[in-house]
Structure formats: C-alpha cells, structure tokens
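Take a look at the structure below.
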Amino acid sequence: MIKQLKEGQYFGELNHKLSFNGITVTDTEYTHDYVDWHSHENPYFTFLLQGKLIEENKKEKYTLSQGALLFHNWQDFHRNIKPPEFTRGAHIEINRNWAKKLNFDIANIEGSIKVQDSFSKNLVFKILLESKQSDNFNQASIELLLLQLLSRIKESNEKTDRKKPHWFKKLEELIYEYSEERITLEQISNELKLHPVYLSRTFHKFYGKTFGQYCREIRLNKTLNAILTKKHTLTDIAYLMNYYDQSHMILEFKKHLKYTPKEVIKILG
C-alpha cells in the first residue's frame with residue numbers, strides 16, 4: 005500500500021518549520037538514501053537548496069540539482085533517491101481549504117510539474133526568507149507571495165497550450181547560458197537570425213515582460229544559488245555574475261528581496 009504523508013510530514017530532519025492558516029513551510033535536510041512510493045495529503049512545492057536528488061513519478065523521472073523547483077499536487081505518487089552528498093530542501097505545503105477560501109482552484113494544476121521559471125524560484129526564496137522572520141507581517145507576506153506563485157504556475161500551464169515558435173527553446177538556453185555576461189538583445193537576435201524588433205515583441209507576448217527583466221530574474225536566481233553553495237566570496241560572486249561591483253549586487257538584492265546578500269546568508273544559512 006502506498007503511504008500518504010500527513011500535513012507537515014516529510015522524510016528527513018527538520019531544520020525549521022512554520023505552520024499557520026493551512027500553510028506549512030519547512031527547511032529539511034534529506035537523510036534517506038531511498039524513499040519508496042508515497043503521496044502527500046496536500047499539494048506542495050519542493051525547492052532544492054543544496055545537493056542533488058532523483059525523483060520519479062508515474063510519468064517522468066527528474067535528476068534535480070541545486071535550484072530545482074517542483075510542484076506536486078496531492079494526487080501525485082512519487083519516489084526519491086538521494087546521491088551520497090549533503091542534500092537540503094524547502095517545502096511549501098498548502099492545505100486545500102486555504103486555497104478554497106481564497107477562490108483558488110489548485111485542482112486545475114495537475115500532477116507533478118518541474119518549474120523552470122526563474123521568477124517563480126525567486127518567489128520561493130522570498131517565502132523562505134519571510135518564514136524565518138519573527139514579526140507581525142511575515143504571515144501575510146507569505147500568503148500574498150504564495151498566491152502570486154500559484155497564479156504564475158497556473159498561467160504557465162495555460163500558456164503551454166499556446167504554441168511557441170520553434171526557436172524558443174534555443175532562446176531560453178542562450179539566455180541562461182549568457183546570463184552571467186553582458187547579454188544584449190542584438191547578440192541573441194544574431195544568434196537566432198531574427199530581427200530584434202520581432203524578437204522583442206514575441207518575447208513579451210509569451211513572457212509578459214521585457215527581455216532585460218527576464219535576464220535580471222535569471223541572474224538573481226543564479227546568484228542566490230551561488231551564495232548558498234558557499235564556494236565563493238561575495239566579491240567573487242558579484243564579479244562572476246557580472247554585476248558592476250558588490251555594491252550593485254547589494255542594491256539588486258535589496259530591490260528584489262528586501263535583504264542584502266549577507267542577510268540572506270544569515271537567514272538561510
């Protein structure tokens with residue numbers, strides 16, 4: 005019989021847990037080399053903060069590395085294999101009654117989804133940062149961020165029904181590859197042999213944002229991941245991620261996350 009985990013229950017060792025109003029946010033160290041087929045009582049997000057993980061559901065098998073984000077609905081059965089290294093993940097679990105009260109139908113988001121969108125990943129980072137604050141505002145902030153995250157996942161699913169141009173996959177690969185450099189629209193247009201005006205308009209149609217906004221979101225996400233690996237100094241990271249200098253990186257963090265890089269390290273460890 006496949007095991008179903010109750011609300012707030014995960015395999016591993018809890019580093020931190022916050023539960024309120026039907027939302028549970030955990031920071032968990034994965035200690036099991038293998039976890040057999042199981043499901044969860046509620047839908048939830050898994051965000052890999054450190055290490056690697058192999059996850060398999062009835063349709064797909066994912067090899068996950070740091071920064072990977074998955075959404076599981078409650079009817080999804082899956083199993084996990086952890087390679088022999090330190091692995092740490094965050095979970096954001098949503099009681100269906102919470103979503104129902106806010107007129108959000110999670111049932112429309114089916115099965116298991118690997119979320120590639122960097123903006124969604126940065127929303128998860130914001131939720132984790134808020135979950136480790138002790139004040140009168142963090143719970144309301146988490147609920148607003150979570151609604152934004154769920155809405156984005158739902159919209160992304162709906163957009164998959166709209167056929168993207170054949171060159172979009174190559175475009176996303178190029179942006180991710182060059183996101184640590186001074187990438188320009190002209191540079192990408194030349195690579196794809198497309199007119200910059202056409203590329204800009206088509207890009208905004210499918211992403212709902214400008215080319216520059218999208219590139220900055222990816223850079224912020226990659227910077228956060230680099231900080232958590234603790235392999236480089238902040239000065240080196242600012243250089244590697246092509247900020248003008250460390251002060252520029254700090255300003256970007258405060259603008260988008262409300263925290264400096266040092267504060268992020270202190271909060272998330």
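All you need for my numbering is the position in the sequence shown, starting with 1, plus 4. Note that CB positions come from ideal geometry on N, CA and C, so glycine has one too. In this text, all values refer to a predicted model and were calculated from it rather than measured experimentally.
Rounded to the nearest angstrom, the gap between the Cα atoms of residue 221 and residue 187 is 13 Å. Spatial neighbours of residue 21 in its own chain (CB-CB distance under 6 Å, excluding positions within 5 residues in sequence) are listed in chain order as 30.
Counting C-beta atoms within 10 angstroms of its own C-beta, residue 106 has fewer than 16 neighbours from the protein chains shown and is therefore classed as exposed.
With a contact defined as Cβ atoms closer than 8 Å, residue 73 and residue 119 qualify at about 4 Å.
Counting only unbroken stretches of 3 or more residues, the beta strand (DSSP E) elements lying wholly within the segment 30 to 88 are 38 to 44, 48 to 54, 56 to 61, 65 to 69, 73 to 76 and 82 to 85, in sequence order. Note: residue 117 is bridge-paired with 75 in the DSSP secondary-structure output.
As for any alpha helix (DSSP H) of minimum length 4 sitting wholly inside the segment 148 to 235, the runs are 172 to 182, 189 to 196, 200 to 211 and 215 to 233, ordered along the chain. For residue 190, same chain residues with a beta-carbon under 7 Å away, outside a window of 5 residues either side, are 200 in chain order. Taking residue 75 as reference, the option from 256, 155 and 24 with the minimal CA-CA separation is 155.
Only residues of its own chain outside the window of five on either side were considered, and among them 210 have a CB closer than 7 Å to the CB of residue 168, listed in chain order. Between residue 82 and residue 61, the gap from beta carbon to beta carbon is short of 8 Å.
In terms of Cβ geometry, residue 48 and residue 96 form a close pair [threshold 8 Å].
Residue 132 places its beta carbon 8 Å or farther from that of residue 91.
In the three-state reduction of the DSSP assignment, residue 9 falls in the strand class, which pools E and B. Around the beta-carbon of residue 101, fewer than 16 other beta-carbon atoms lie within 10 Å, marking it exposed. If you draw a 10 Å sphere on the C-beta of residue 223, you find 16 or more other C-beta atoms in it, and that means buried.
Taking residue 43 as reference, the option from 179, 227, 32 and 12 with the minimal CA-CA separation is 12. If you check the CB distance, residue 52 and residue 93 come in under 8 Å.
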